Each structure stands twice: as C-alpha cells, then as structure tokens.
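K.L.:
Structure below; questions to follow.
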Amino acid sequence: YIADTDNQRIRRVDGKSGIVTTVVGSGMRGVPAVGDSPTATKLDAPKTLLVSRDGSLYFFAFGGGAVGDVLFKLTTDGRLEKAAGGASSGGSTPLEAASPYGVSFSTFGKRMAEGPDGSLYITDNRATLRRIAPDGRVS
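In this note's numbering, the protein residues as written are 1375 to 1513.
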C-alpha cells in the first residue's frame, strides 16, 4: 500500500503483477465521508498506513479545521470507518482521541502499531500513548 499524499489517494500495488489500483480516495481534496464508497470519498493528505492482522487498512488523513488528523479504517469488506480522532479535547470515550499522532514508520512523523490482541497503539497531541482496543475503546 502507498499513501499517494499529493494526489489524495491510497494505492495498492499487486506484488505479483505490479498493477496499481486505488483503494481509497477520489483524487479530490476534502474531509473523508464515512459511509461513502472508498474510491469516491475525498481525502486530505493521507499518510501512515498500517495493515492489521485481519486485513483492515488503517490510515491518518486530515479531518479539517481544528479537528486535525483523524485515524480511519478501511474494513476488509470495503467500508470506510472513523477509528479515532477529531475530539476537540483529549477524550477517552469510544472512538474519540485528541488528534492522534501515531506509534508505524512514516516520513510524516505519525506512528502507530498493532498489538498482539489487535489493539492499535498511537500517541495523541499531548504525547500520551493511547490504546484503541478492538471494541473501539480508547485508553
């Protein structure tokens, strides 16, 4: 997978054929719309990709205005979901974390990693390590 940041898309490269396909993003800059077709939705600066054990694709994208970056999930059945981010203050309510700024490798400084139980680990804008449990709870 490649975060094609300047073209507002996420691409998949088939390792055998070399064929590149778009999996998320229409090429239009904007806030991703949860529930849209993944290839029809707008994206703004997608970055830091992580493929989880179950095959879901997690990525950060700009959520607009004061929201900052938001963590999105593309499920294995093709649904685009908000995984965390966008809270105006650093909450720990389900699916809300203050502008997550990650713990995977990226040139954008955002990091995330998956734990053995399927939890995602990220850091928020207060440099606090957060855990997003498989059920969506943030701690």
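Glycine included, C-beta positions come from ideal geometry on N, C-alpha and C. Bear in mind that the values here come from a model prediction, so they are computed numbers and not experimental data.
Do Y1495 and A1507 have their beta-carbon atoms positioned less than 7 Å apart in this structure?
P.N.:
For A1507 and Y1495, no; Cβs fall outside 7 Å.
K.L.:
Using a Cβ-Cβ cut-off of 8 Å (strictly less than) and excluding sequence neighbours within five positions of G1489, which residues of its own chain qualify?
P.N.:
Here the set comprises Y1495 and R1505.
K.L.:
Tell me whether the beta-carbon of T1415 lies closer than 7 Å to the beta-carbon of A1407.
P.N.:
Yes, Cβ-Cβ distance for T1415 and A1407 is below 7 Å.
K.L.:
What does DSSP give as the partner residues of I1393 in its beta bridges?
P.N.:
According to DSSP, I1393 bridges with nothing at all.
K.L.:
Which first and last residues belong to the beta strand (DSSP E) in which A1377 is found?
P.N.:
That run of the beta strand (DSSP E) goes I1376 to D1378.
K.L.:
With distance defined between alpha-carbon atoms, name the residue in L1448, F1434, D1418 and D1428 nearest to D1491.
P.N.:
Out of L1448, F1434, D1418 and D1428, D1428 has the C-alpha closest to the C-alpha of D1491.
K.L.:
On the CB-based measure, 16 or more other CB atoms within 10 Å of its CB, does R1383 come out buried or exposed?
P.N.:
Flag for R1383 reads buried.
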